[in-house]
Structure formats: C-alpha cells, structure tokens
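In this note's numbering, the protein residues as written are -6 to 236.
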C-alpha cells in the first residue's frame, strides 16, 4: 500500500479533532477528503505529513513512518498547505530557486513545473503581488517539483478560477497516470467526483462514510455526489441525536 493510516486519531483537551481511523490507499490512486469547515480534513492532512503528532496510531507512506525513518519519510511526498504565504519580497524565480536547492532539483525541472501551472512568464515578478489563485498555483508548483511518489494537497483549488480548476484536475489525472498517489482535501464535491478514485466523508472529526467512488455510483442510491454527502451528514447527525 502507498499510504496507510493505523488507528490514527487526534485529541486536544478532550476534544476529538479526528476519531480513530484505519485506511489503506493503493499506489496510483486518488483519495478525496470531503467535508465542510471544521470537519477534520486539515487535521488529517497535517497528521499524514507529520506536521502534528497523533494522539494514537501512525501513518506509513510507501512502508515508511516518520518516527522510524524521518528523512526518507519526508522525501516520499510533495505537500501543498492551505493558505500559505511565501516571502513577499522574493520573486517567483528566487522562490523556486530556494525550493529547487532544498530538493536538489535542476533549473530545467522547475521551469517545466512553472509552465505546468502557468507562471513561467512571472519569473521576475514578486510573489507579494500575486493574487490568491497565483499563490495557490505557485504552492502547487513547489509540491510537484521533485516528482514525488505521493502528493498531499490541502484545499488545492481554493482561489482558483474555473479555468485553473480544470487545469488542476488535468494535472492530477496526469500525475495519476504516471503512478503518483494523491490525497487532497476539498469542500468542492464536484472536483472530488471528477478525479477521485476513493473518498472519505468527514464530519466533526469523524469519517462518516468511505470507499471507492464507483461503489457509490453503482449502488444506485443517489443521483448526485452532493446528495450522497448531505445524506451521510444527515444520518450522522441523526445518530448523534439518538445517542
């Protein structure tokens, strides 16, 4: 398995940010983490990347976990955080030079990556002048830079216009074709339905439904992905109320 969650959970001051979760994702698959604000998507992303420590359990990526193989573990994935701000006084070129040096990547490769995200003509522009969408595309570029085995992306389409949402989907499908494994969080169910192979629906830190998207499609139990999500949320809230 490319990515595995083993009894993974996170509590803060007796509040459950993420209830215990076990899950396996095979190589070359795309997993969407779907849910509203406060559902637990970003908490799960940060647990996967090792930015925060779990209360219980652990994550393995390509058989490695951070505690035992920290350097190798961090080399397994490219990470795109949500709403990260680059050094505003630096140009696109200076920013990518920095990441290329850290990851030992050639200038040819980072120029190729900038072309993929439509920022090649912004090499000498200061990133402090970037729009939200341009900043997101630069974040995506640094995640793609080293052609990692796994991509972990937190709300990657936030701030993107419809054209670049479509381009993002195309880039992810291309990465999947090349054997990369992708985990991304989103509140946009349409994007999840378009490109994901599997989905985790989260609500209040708990996975309320999970599995291959085709399983939901083939069941005939819903007309739209949005309907499926809202039904799952309603059932979850009903169960909580009954308890």
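Positions of the beta carbon are idealized from the N, C-alpha and C atoms, including for glycine.
Using a Cβ-Cβ cut-off of 7 angstroms (strictly less than) and excluding sequence neighbours within five positions of residue i, which residues of its own chain qualify?
i           : result
residue 240 : As shown, the chain starts at -6 and ends at 236. That puts residue 240 outside it, with no answer to give.
residue 75  : 35, 147, 148, 151
residue 139 : 71, 96, 98
Secondary structure at residue i, three-state DSSP: helix, strand or coil?
i           : result
residue 17  : strand
residue 203 : strand
residue 36  : helix
residue 48  : coil
residue 9   : strand
residue 3   : strand
residue 194 : strand
residue 232 : Confidence at residue 232 is low in this model, with a pLDDT of 41, below 50, so its placement is unreliable and the value that follows should be read with caution. Helix.
residue 70  : strand
residue 62  : coil
residue 78  : coil
residue 181 : coil
What residues in its chain sit with their C-beta under 6 angstroms from that of residue i, if we drop five residues either side in the sequence?
i           : result
residue -3  : 17, 53
residue 117 : 84
residue 41  : 52, 145
Considering only residues of the same chain and omitting the five flanking positions on each side of residue i, which have a CB-CB separation below 8 angstroms?
i          : result
residue 13 : 0, 1, 2, 49, 50
residue 45 : 3, 36, 39
residue -5 : 18, 19, 20, 21, 22, 54, 55, 142, 143, 174
Roughly how many angstroms separate the alpha carbons of residue i and residue j, rounded to a whole number?
i           : j           : result
residue 206 : residue 82  : 43 angstroms
residue 136 : residue 77  : 12 angstroms
residue 161 : residue 31  : 24 angstroms
residue 199 : residue 101 : 43 angstroms
residue 121 : residue 132 : 13 angstroms
residue 204 : residue 119 : 43 angstroms
residue 79  : residue 126 : 13 angstroms
residue 104 : residue 90  : 10 angstroms
residue 170 : residue 190 : 13 angstroms
residue 114 : residue 7   : 50 angstroms
Provide the residue(s) that pair with residue i in DSSP beta bridges, ordered along the chain.
i           : result
residue -3  : 17, 53
residue 176 : 24, 145
Measuring only between beta-carbons, confirm whether residue i sits less than 8 angstroms from chain C.
i           : result
residue 182 : Here there is only one protein chain, and chain C is not present.
| said: I'd like the ranges of any alpha helix (DSSP H) spanning at least 4 consecutive residues and lying wholly in the segment 83 to 169. | reply: Assignment of alpha helix (DSSP H) within the segment 83 to 169, counting only whole runs of 4 or more residues, yields 85 to 96, 100 to 109, 125 to 137 in chain order.
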